[in-house]
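Down below is the structure, laid out as structure tokens.
Number of protein chains: 2
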Amino acid sequence: MPKETFFHLPEDKRNLICQVALDEFATHSFDRASINRIVARAGIAKGSFYQYFENKQDLFRYLLQLIAEEKRNYLAPVLHNPERHDFFTLLRELYRAGIQFAVEHRKYAEIGRRLLASKGTPIYAQVVDEGMPQAYDLFKGLLEKAIARGEVRADIDVEMVVYLIAALNTLLLEYYTEHVTWDYDERMFDTVDRFIDFLKHGLKANESGGVSP
Amino acid sequence: MPKETFFHLPEDKRNLICQVALDEFATHSFDRASINRIVARAGIAKGSFYQYFENKQDLFRYLLQLIAEEKRNYLAPVLHNPERHDFFTLLRELYRAGIQFAVEHRKYAEIGRRLLASKGTPIYAQVVDEGMPQAYDLFKGLLEKAIARGEVRADIDVEMVVYLIAALNTLLLEYYTEHVTWDYDERMFDTVDRFIDFLKHGLKANESGGVSP
DNA sequence: ATAGAATGTGACCCAATGGTCATGTGACCG
DNA sequence: CGGTCACATGACCATTGGGTCACATTCTAT
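Quick mapping for you: the protein sequence lines, in order, are chains A and B. So for the first sequence, the numbering used here puts the first residue at 6; every next one is plus one. So for the second sequence, the numbering used here puts the first residue at 6; every next one is plus one.
Rendered as structure tokens:
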């Protein structure tokens, strides 16, 4: 985490450094992100950078923290009282909130995506091990309750489905932003609904000859 | 692609260089893979390396070609006569073959995974743009035929489902190798079947109160 | 005004990398 | 045997990066 000196800086200078760094990490993998470029763009001396942050990873962790905090603002309302929704509606809201966060914080989303994709690199091992179990536990808890309430089939492999639901979260965002749009509008609701429909009913044609659901 | 000199080498020397390079690219991202390490481990002079390959990317592309050729051996039998299977059985076979390839060629699988995950890096843009449309077109063709034959719901968003089916291919492998095992045995059939079941029927509990399918 | 603390500076350090190039070696041929 | 060609060699080059450090400047308190 940043040193005291960083927090002594005027706010606009702090923001500038963070914005420049966010740009850099959103544009390049961790390995290719360059402190030389960051300091040049932020207009600070390189030595000063090390007065604010321990090292490159320290900066990166700080940014990840900012990102996580902001994302929490989007997810918290949905998770405020999960019992008020059935499982699929809750999932729909979680996915929707995730997309809203991403389209309103594009750089944050890209940094998160790069981080997840960096599995098998040193930075992943050093930074990621914590946040994942929480997300898994959340989905698992929700799924088990939904099974108990009869909303979700009881004959599924819970671990596998938890894994899928979490992964589909990422997939949905990627599909929407790469194949549909970066706008937060009707199409987003459309796309999320189609994903949820797929999750509910699968692909198989109904054998009675009618349309599935 | 490699220079003539590479193919003049004794076969065992060629194989050694390839094996060492495969190790390197399976262990590190493209950016972190080091030619210095490769030549040291292969016991060749660095200058010699550049007599065999144009540069790092040339070597990488050559390895990718080897990988693609080997993978084709696993997929070709399944795709030999797709009409003999219904859509879900065909998909099951494709997924199964993909896992078999991966567990029998672990390094190849890891290199492929790293490459796909490297979206947003220079190497991805330079190497990947071709292979993807083919895979998409394949899945799309199969899906459209399945819809026409009444095996798959006609009310789905084809583009989206093609995207999902392709992505689930990767997810299935990741889930199996990280959460189940690297062995090619009963559990693999089990896991694939559960994935296919999910694809067919989704998660929603059957409203008539019985078990879904 | 002055001293000390806090902060700013950028040249430098060291390591590592991909790639080059002048030279060396060995096989082959006439 | 000498010349030529194909290949091998590893020191070198240029660049880049993360991080350091001796010095400079600014701020604050007395």
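Even for Gly, the Cβ is constructed at its ideal location relative to N, Cα and C. Just so it is clear, the structure is predicted and the values come from calculations on it, not from any experiment.
Query: Straight-line Cα distance separating THR94 (chain A) from PHE35 (chain A); Result: 36 Å
Query: Residue burial classification, LYS209 (chain A) (beta-carbon count within 10 angstroms, cutoff 16); Result: buried
Query: Sequence-distant residues of its chain with Cβ nearer than 6 Å to PRO222 (chain B) (five each side left out); Result: No statement about residue 222 (chain B) is possible, as the shown extent of chain B runs from 6 to 218 and does not include it.
Query: Rounded separation between ASP28 (chain B) and GLY207 (chain A) - CA only; Result: 39 Å
Query: Any C-beta of chain B under 7 Å from that of VAL157 (chain A); Result: yes
Query: LEU208 (chain B): contacting residues in chain A (beta-carbon distance under 7 Å); Result: VAL157, ARG158, ILE161, VAL166, LEU204 and LYS205
Query: Sequence-distant residues of its chain with Cβ nearer than 7 Å to ALA31 (chain A) (five each side left out); Result: LYS112, GLU115 and ILE116
Query: Interface residues of the stretch 170-182 of chain A facing chain B [CB-CB below 7 Å]; Result: ALA172, LEU176 and TYR180
Query: Contacting residues, own chain, Cβ-Cβ under 6 Å from HIS184 (chain B) (five flanking each side not counted); Result: none
Query: Residue range of the unbroken alpha helix (DSSP H) whose run includes MET165 (chain A); Result: 163-180
Query: CA-to-CA distance, ARG101 (chain B) to PRO127 (chain A), given in whole angstroms; Result: 31 Å
Query: Residue range of the alpha helix (DSSP H) that includes MET193 (chain B); Result: 191-206
Query: Alpha-carbon to alpha-carbon, ARG19 (chain B) and SER217 (chain A); Result: Caution is warranted here: a pLDDT of 47 is assigned to SER217 (chain A), below 50, making its placement in the model unreliable, and no coordinate value can be reported.
Query: Cα-Cα separation, LYS61 (chain B) to GLU191 (chain B); Result: 40 Å
Query: Coarse secondary structure for PRO218 (chain B), derived from DSSP in three states; Result: Reliability of the predicted coordinates at PRO218 (chain B) is poor, the pLDDT of 46 falling under 50, and no value is obtained from them.
Query: Contact list for the stretch 24-36 of chain B against chain A, Cβ threshold 7 Å; Result: SER34 and ASP36
Query: Near-chain B residues of the stretch 122-134 of chain A - C-beta to any C-beta below 8 Å; Result: ALA122, SER123, LYS124, GLY125 and THR126
Query: Distance, VAL166 (chain A) Cα to ASP160 (chain A) Cα; Result: 11 Å
Query: Per-residue burial, LYS51 (chain A) [other beta carbons within 10 Å of its own, 16 or more giving buried]; Result: exposed
Query: Residue from A:LYS150, A:ASN211 and A:GLU179 whose Cα sits closest to the Cα of ASP91 (chain A); Result: A:LYS150
Query: Contact with chain A by GLY215 (chain B), beta-carbon distance below 7 Å; Result: Because GLY215 (chain B) sits at a pLDDT of 43, beneath the cut-off of 50, its placement in the model cannot be relied upon, and the point is left open.
Query: Own chain partners of LEU204 (chain A) with C-beta closer than 8 Å, once the 5 adjacent residues on each side are dropped; Result: PHE93, LEU96, ILE170 and LEU173
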